[in-house]
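Below is one structure; the comments refer to it alone.
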Amino acid sequence: MDHAVSVRAAKEHEVALVLGFIRELAEFEHLAHEVVATEEKLRQALFGARPVAEVVFGCVDHEPVGFALYFYSFSTFLGRPGLYLEDLFVRPAERGHGVGRCLLAWLARTALERGWGRLEGAVLDWNAAAIGFYRKLGAELKEEWKTCRLTGAALEALAARD
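Each residue of the sequence shown is one higher than the last, beginning at 166 in the numbering used here.
Right, dumping it as structure tokens:
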């Protein structure tokens with residue numbers, strides 16, 4: 166049976182749904198213990214006075230079954246902004262309908278329409294299915310790059326230094 170796959174922007178009244186998808190993703194990635202986001206934090210980040218990220222839903226027959234959360238980055242080498250995909254998740258039971266591919270195609274069009282030079286994100290090294298998915302779409306995996314992250318006490322300690 167064919168299913169209609171579509172992408173649409175999240176609306177402010179759907180912040181709870183966004184947080185639900187974030188929690189589902191975190192559970193899938195075995196990182197549920199790291200989720201401290203709240204609806205209010207997400208509301209401010211996505212729909213506040215200065216939004217810093219955007220969310221779109223991947224839908225099957227108009228029902229959200231996945232999401233992508235992204236924000237703009239900047240490439241000094243290109244001298245242009247880029248789209249950084251923070252999260253892409255489709256519920257496991259809904260995979261195989263083309264929702265993930267549809268979300269990424271929508272993001273690619275959005276980047277190009279905005280005059281941005283790239284679309285990039287990260288994938289966990291153990292997620293062979295996601296790595297294969299991105300490679301199939303033509304993504305180049307930058308194996309030589311490592312993510313460096315400062316949070317919590319380390320971030321605060323660095324900020325306190327002269």
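No residue lacks a Cβ here, since even glycine has one placed at the ideal position from N, Cα and C. These figures come from a predicted structure and were not determined experimentally.
For R245, DSSP records a beta bridge to S240. The three-state secondary structure of V172, taken from DSSP, is strand. Just so you know, the alpha carbons of R326 and G317 end up roughly 15 Å apart.
Residue pairing by DSSP puts G231 in a beta bridge opposite G223 and V255.
Between the stretch 270 to 286 and the stretch 236 to 251, the count of C-beta pairs closer than 8 Å reaches three or more; the two stretches touch. The C-beta of F239 has fewer than 16 other C-beta atoms within 10 Å across all chains shown, which makes the residue exposed. Following the DSSP letters along the chain, one finds L182 in no beta strand (DSSP E) but inside the alpha helix (DSSP H) bounded by residues V180 to F193. From the listed residues T241, E204, P257 and L284, the smallest Cα separation to P229 is found for P257. Residue pairing by DSSP places L284 opposite L248 in a beta bridge.
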